[in-house]
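Comments concern the structure below.
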Ligand code: URA
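In this note's numbering, the protein residues as written are 5 to 431.
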């Protein structure tokens, strides 16, 4: 720790040269940045120094504490049920939250999912739910608590008062190529979960070409860092590492993903999606110390009841027909054999360009644009068989989408080995 008055330049130099910053220095830095006396370019330099030199565990705890302290903290300790939340690092076709929150509510816990919006090729849960007529993402604190007590789950937008320092830092990381720093990701995610007031947290860390983390090694390091950090703040935290090479389920988009989530809640749906939901619901049940069977709540309709109640509590009509794209066109296979992979990144990018995702956080998204993967890895396909369905609002986008989807499908002459969905568990 430096003697004398603190200055941004000396703290940047210390981090650049690999010296450990004290808790006092980190909290001064964050407070001064929010107050405007540490400039954007100074914080940008600090983020880059952290990107290269990482943070020690005590620096990481101090940074996370400062981000939490920049805003309000929800107190959910008076709820009559244990709280447990899930965070996914984001994947293509990842509509798990829509299924999991009502499942775990039906198992007897309260799930406070305060979410952000999607950026880039991975979609956002709020964007998906907003395709339901009437559904609204903005809730007051009292509505969140009421929803948790009465329904057992709430999925809503994190208000501006929750970890505001993270919003500023994330926007700066986005334009300074410092998003991919493991300690910065961990501080960003864990600070919001601690501020939201959950007692327990299950992390779904995605690994593969459609994920943020492309290698198992990096994903494991991120998972370990977040599990430890959650524990440092008294949040019982575990992590599951799950494969994200191929899209999860079949649907990629907004209303098409809601429709698929409802299919799972009705007892059907693609096997990989069901398996992941059951795995995560089991993990959340353990964290909340609830002895309930995730398969039972899917089979007996109780998870579906919670889903309907959650949608209705937020102004949505669960019985309303979901909006459908003006154009639905099928893409057929030009080869025959066994599907060896469907490239999640390519499919995610097609759905994004069709309008399902946004490039800048101010952009709006199409409720109806998206892609359905009619063929999944392991399936046998013949020439001329439909392998994708494009859902589009703009006919001018069809030709490119079709060509890019063809490039996303790999076909082999014999079936390949089946690839595991769950790659590891931590905590
Ligand atoms: N999601 C977050 O909330 N923060 C990050 O830094 C990365 C992903």
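Where is the CB? At the ideal position from N, CA and C, for every residue including glycine.
None of these values were measured; they are calculated from a predicted model.
In angstroms with no decimal places, state the Cα-to-Cα distance between residue 329 and residue 431.
43 Å
Report the rounded CA-to-CA distance for residue 86 versus residue 113, giving the unit in angstroms.
5 Å
Would residue 394 and residue 333 be called neighbours here (beta carbons separated by less than 7 Å)?
yes
Please say whether residue 37 and residue 47 have beta carbons closer to each other than 7 Å?
yes
Quick check: residue 208 and residue 240, are their CB atoms within less than 7 Å of each other?
no
Distance check for residue 249 and residue 410, CA to CA, integer angstroms please.
16 Å
Just to confirm my understanding: we take residue 145, look at its own chain, exclude 5 residues before and 5 after, and list those with CB closer than 7 Å. What are they?
78
Go ahead and label residue 159 buried or exposed: buried means 16 or more other beta carbons lie within 10 angstroms of its beta carbon, across all protein chains shown.
buried
For the pair the region 213–232 and the region 181–201, tell me if three or more CB-CB distances fall below 8 Å.
yes
Which whole runs of the beta strand (DSSP E) in the region 337–390 are 3 residues long or more, in chain order?
341–346, 374–377
How far does the beta strand (DSSP E) with residue 117 in it extend, from its first residue to its last?
115–119
Are the CB atoms of residue 93 and residue 196 within a distance shorter than 7 Å?
no
Excluding sequence positions up to five away, which residues of its chain have a Cβ less than 8 Å from the Cβ of residue 40?
none
If I measure Cβ to Cβ from residue 205 and keep anything under 6 Å in the same chain, skipping five residues before and after, which residues do I get?
89, 197, 234, 239, 241
Cutoff 7 Å; reference residue 140; Cβ partners in own chain excluding five residues on either side:
318, 319
From residue 364 to residue 372, what distance separates their C-alpha atoms?
19 Å
Give the straight-line distance between the Cα atoms of residue 22 and residue 16, rounded to the nearest whole angstrom.
10 Å
Who are residue 335's beta bridge partners in DSSP?
392
Does the Cβ of residue 5 have 16 or more other Cβ atoms within 10 Å, making it buried, or fewer, making it exposed?
At residue 5, the pLDDT of 48 sits below 50, so the modelled position is not reliable; the number obtained from the coordinates is stated separately. It counts as exposed.
Among the candidates 243, 376, 223, whose CA atom is the shortest distance from the CA of residue 231?
243
Minimum C-alpha distance to residue 50 - residue among 188, 299, 121, 102:
188
Starting from the C-beta of residue 138, find all residues in its chain whose C-beta is less than 6 Å away, skip the five residues before and the five after it, and write them out in chain order.
319, 320, 321
Using 8 Å as the Cβ pair cut-off and three pairs as the minimum, do the region 296–303 and the region 377–393 touch?
no
In the region 95–181, which residue ranges form an unbroken beta strand (DSSP E) of at least 3 residues, counting only runs that do not cross its ends?
115–119, 157–161
Return yes when at least one heavy atom of the ligand URA lies under 6 Å from the C-beta of residue 34, else no.
no
Determine the closest residue to residue 355 out of 151, 278, 402, with distance taken between C-alpha atoms.
402
Can you name, in chain order, every residue of its own chain whose Cβ lies under 6 Å from the Cβ of residue 253, other than the five neighbours on each side?
97, 264, 274, 277
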